[in-house]
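K.L.:
Counting along the sequence shown from 1, when you hit position 210 you're at 215 in the numbering used here, and nothing is skipped either side.
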Amino acid sequence: MYTFADRDGTSYTLRPEGTASVARAVVENGLFGGTMPLKLFYIINCFRHERPQAGRYREFYQFGAELFGAESPAADAELIMLAHDFLKALGIGNTTLHINSIGCPKCRPHYKEELVKYFSLKKERLCNTCQSRLETNPLRILDCKSPICREIAENAPKTVDFLCDDCKNHFEGLKSRLKEVNIGFQVDVNIVRGLDYYTRTVFEFISTGIGAQSTVCGGGRYDGLVHQIGGPELSGIGFAAGINRLALAMETGSAYVESDEGPDLYIAAIGENASIKAAGLCAKLGELGLVCETDLVGRSLKAQMKYANKINSAFTLILGDGEISSGSAQLRNMKDGQQTDVDLSNAESIFKTVKREDV
Ligand code: HAM
6 MYTFADRDGT SYTLRPEGTA SVARAVVENG LFGGTMPLKL FYIINCFRHE RPQAGRYREF
66 YQFGAELFGA ESPAADAELI MLAHDFLKAL GIGNTTLHIN SIGCPKCRPH YKEELVKYFS
126 LKKERLCNTC QSRLETNPLR ILDCKSPICR EIAENAPKTV DFLCDDCKNH FEGLKSRLKE
186 VNIGFQVDVN IVRGLDYYTR TVFEFISTGI GAQSTVCGGG RYDGLVHQIG GPELSGIGFA
246 AGINRLALAM ETGSAYVESD EGPDLYIAAI GENASIKAAG LCAKLGELGL VCETDLVGRS
306 LKAQMKYANK INSAFTLILG DGEISSGSAQ LRNMKDGQQT DVDLSNAESI FKTVKREDV
């Protein structure tokens, strides 16, 4: 938690993530009373007082999606598919999906007991943080990054071996659906996630090539959270993707291609009258969907044409007093030098000419 005292001593804690806030919004606004499932998303900044390193910041951004009111593993599969397609659409191909089930309040206490028994026998070798985790949250020892804790955790009891029948069936239902849609995954018994509200499904998309902070997207089911913060019994599942880490993964995975594509059209204007007309024409063509620019800094005609070349404009059009009084101008295709006479009062036909000749 990023907690600090303000000038008057008031203690503030900055938002570390979005799921609890979304759950509170559902409760406070009575959204649980509507048709289910309820699907929400958010883009927020978050703060965590962690030691900064590449991919891990004190302030960072998240895109998240949450789905309430559906207990079926079909909901878990839909959310994971959404995250998968989202990463794919960004061109982040080098990720692997890790899934696990950490059980429910019925089966987890027994598992926790066995885990504490196991780690207590090796307590002296655990790192300091994990020694205190043994008292507070023994599950978190499983995803500790210290090499010694990792080695000890390898032989620890596994959540999947302690699931009750309902949790087992739920997990199997998720796996079948992921197989059906050809989303590759690996069951990773060490994925337990850092937040206390999770039940059953937990998952992470891990990217290769962006260093130690490699989880670009993480999520899971939290069937007890809404009730815990004062709402009704309402199941939930969601994920959040770290936008800063997505950007890192896009850069290293060559998904991020810098484009040298320029505007569709540059309108060179000679004189104040033409400049006003050019602004109007740019606006109209912009509404139709053309990316259109004109002079904003008072360049000479020669300098404007040089600029149009430099920004790689696909077409240019020169507007002077002659063109304004005749109502027509020459549209020049910068690729092949072809000129077409266009009617200045007919933005639609200019648009069509640019689009047709641009193919
Ligand atoms: P989380 O795994 O703590 O989950 O964070 C989600 C994502 O935020 C991580 O996978 C990572 O990409 C990014 N992230 C986390 N901490 C940092 C940091 N210090 N610097 C940069 N990026 C970071 C959650 O926050 C849950 N609320 C996700 C969720 C939604 N579970 C259910 N619904």
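For glycine and all other residues, C-beta sits at the position ideal for the given N, C-alpha and C.
Just the Cα atoms here: how many angstroms apart are residue 330 and residue 347?
P.N.:
Answer to the nearest angstrom: the Cα atoms are 14 Å apart.
K.L.:
Taking the alpha-carbon of residue 240 as reference, which of 43, 35 and 18 has the nearest alpha-carbon?
P.N.:
Taking only the C-alpha atoms, the option nearest residue 240 is 43.
K.L.:
If residue 84 sits next to residue 95, beta carbons under 8 Å apart, how far is it from one beta carbon to the other, in whole angstroms?
P.N.:
Incorrect: roughly 17 Å between the Cβ atoms, too far for contact.
K.L.:
Please identify the residue among 190, 316 and 339 whose C-alpha is closest to the C-alpha of residue 264.
P.N.:
Nearest of 190, 316 and 339 to residue 264, Cα basis: 316.
K.L.:
Taking contact to mean 3 or more Cβ pairs, one atom from each stretch, closer than 8 Å, check whether the stretch 11-31 and the stretch 184-193 are in contact.
P.N.:
As far as the Cβ criterion goes, the stretch 11-31 does not touch the stretch 184-193, which means the pair count is below three.
K.L.:
Can you tell me whether residue 111 is buried or exposed? The criterion is at least 16 other CB atoms within 10 Å of its CB, across all chains shown.
P.N.:
Its Cβ having fewer than 16 others within 10 Å, residue 111 is exposed.
K.L.:
Can residue 230 and residue 270 be called in contact, C-beta distance under 9 Å?
P.N.:
Going by C-beta atoms, residue 230 is not nearer than 9 Å to residue 270.
K.L.:
Does residue 49 come out as helix, strand or coil in the three-state DSSP assignment?
P.N.:
Correct three-state label for residue 49: strand.
K.L.:
If you measure between the beta carbons of residue 248 and residue 65, is that distance less than 9 Å?
P.N.:
Cβ atoms of residue 248 and residue 65: closer than 9 Å.
K.L.:
Within the same chain, show all residues whose beta-carbon is closer than 6 Å to that of residue 267, passing over the 5 residues directly before and after it, in chain order.
P.N.:
Around residue 267: 316, 317 and 318.
K.L.:
Roughly how many angstroms separate the alpha carbons of residue 127 and residue 150, rounded to a whole number?
P.N.:
Roughly 17 Å separates the two Cα atoms.
K.L.:
Can you tell me where the alpha helix (DSSP H) holding residue 200 begins and where it ends?
P.N.:
Premise fails: residue 200 is in no alpha helix (DSSP H) and is neither H nor E.
K.L.:
For the beta strand (DSSP E) containing residue 221, list its first residue and its last residue.
P.N.:
That run of the beta strand (DSSP E) goes 220-226.
K.L.:
May I ask you to list the residues that DSSP assigns as paired with residue 337?
P.N.:
Bridge partners of residue 337: 321 and 344.
K.L.:
Check each candidate in 78, 290 and 148 and name the one with the smallest Cα separation from residue 159.
P.N.:
Nearest C-alpha to residue 159: 148.
K.L.:
List, from N- to C-terminal side, the alpha helix (DSSP H) runs of 4 residues or more that fit wholly inside the stretch 59-123.
P.N.:
Qualifying alpha helix (DSSP H) stretches, in chain order: 78-94.
K.L.:
Assuming residue 293 contacts residue 334 under a Cβ cut-off of 8 Å, what Cβ separation, rounded to an integer in Å, is found between them?
P.N.:
Contact flag wrong, Cβ pair sits at about 17 Å.
K.L.:
So residue 99 and residue 212 are supposed to be a Cβ contact under 8 Å. How far apart are they, rounded?
P.N.:
That belief holds up - the Cβ atoms of residue 99 and residue 212 are roughly 6 Å apart, short of 8 Å.
K.L.:
Can you tell which of 307, 67 and 280 has the C-alpha that lies nearest to the C-alpha of residue 22?
P.N.:
Nearest option by C-alpha distance: 67.
K.L.:
Let's test the definition: count the other Cβ atoms within 10 Å of the Cβ of residue 6 and tell me whether it reaches 16, buried, or not, exposed.
P.N.:
Looking at its Cβ environment, which holds fewer than 16 other Cβ atoms inside 10 Å, residue 6 is exposed.
K.L.:
Measure the C-alpha to C-alpha separation of residue 35 and residue 130 and round it to an integer number of angstroms.
P.N.:
Straight-line Cα distance between these residues: approximately 49 Å.
K.L.:
On a CA-only basis, which of 11, 223, 167 and 304 is nearest residue 87? Give me that one, please.
P.N.:
Taking only the C-alpha atoms, the option nearest residue 87 is 223.
K.L.:
What's the C-alpha gap between residue 341 and residue 258?
P.N.:
So the two alpha carbons sit approximately 35 Å from each other.
K.L.:
Residue 176 lies in the alpha helix (DSSP H); which residues open and close that run?
P.N.:
Counting along the chain, the alpha helix (DSSP H) containing residue 176 begins and ends at 170-185.
K.L.:
Under 6 Å Cβ to Cβ from residue 232, same chain only, skipping five residues before and after it: list those, please.
P.N.:
Cβ within range, chain order: 238.
K.L.:
Is it the case that the CB of residue 249 approaches a heavy atom of the ligand HAM more closely than 8 Å?
P.N.:
Yes, Cβ of residue 249 sits closer than 8 Å to a heavy atom of the ligand HAM.
K.L.:
Given the structure, does residue 221 come close to the ligand HAM, in the sense that its CB is under 8 Å from one of the ligand's heavy atoms?
P.N.:
For the ligand HAM, at least one heavy atom lies less than 8 Å from the Cβ of residue 221.
K.L.:
Go ahead and label residue 12 buried or exposed: buried means 16 or more other beta carbons lie within 10 angstroms of its beta carbon, across all protein chains shown.
P.N.:
Per the 10 Å Cβ criterion, exposed.
K.L.:
Is it buried or exposed for residue 343, if we count other Cβ within 10 angstroms and need 16 for buried?
P.N.:
Exposed, since its Cβ has fewer than 16 Cβ neighbours within 10 Å.
K.L.:
Just the C-alpha distance for residue 105 and residue 210, rounded to the nearest angstrom, thanks.
P.N.:
Rounded to whole angstroms, residue 105 to residue 210 spans 12 Å at the Cα level.
K.L.:
If you compare alpha carbons, which of 172, 214 and 338 is closest to residue 203?
P.N.:
The shortest C-alpha separation from residue 203 is found at 172.
K.L.:
Would you identify the three-state DSSP class for residue 31, choosing helix, strand or coil?
P.N.:
Three-state DSSP puts residue 31 in a helix.
K.L.:
Reducing DSSP to helix, strand and coil, say where residue 331 ends up.
P.N.:
Reduced to three states, the DSSP call for residue 331 is helix.
K.L.:
Got a sec? Which residues, its chain only, sit under 8 Å from residue 354 by beta carbon, not counting five neighbours each side?
P.N.:
Excluding residues within five positions, the ones whose Cβ falls inside 8 Å are 347 and 348.
K.L.:
With hydrogens ignored, establish whether the beta-carbon of residue 145 is closer than 8 Å to any heavy atom of the ligand HAM.
P.N.:
Because no heavy atom of the ligand HAM lies under 8 Å away, the Cβ of residue 145 does not count as near it: no.
K.L.:
In its own chain, which residues sit with a C-beta less than 7 Å from the C-beta of residue 332, not counting the 5 before and 5 after it?
P.N.:
Excluding positions up to five away in sequence, the list reads 348, 349 and 350.
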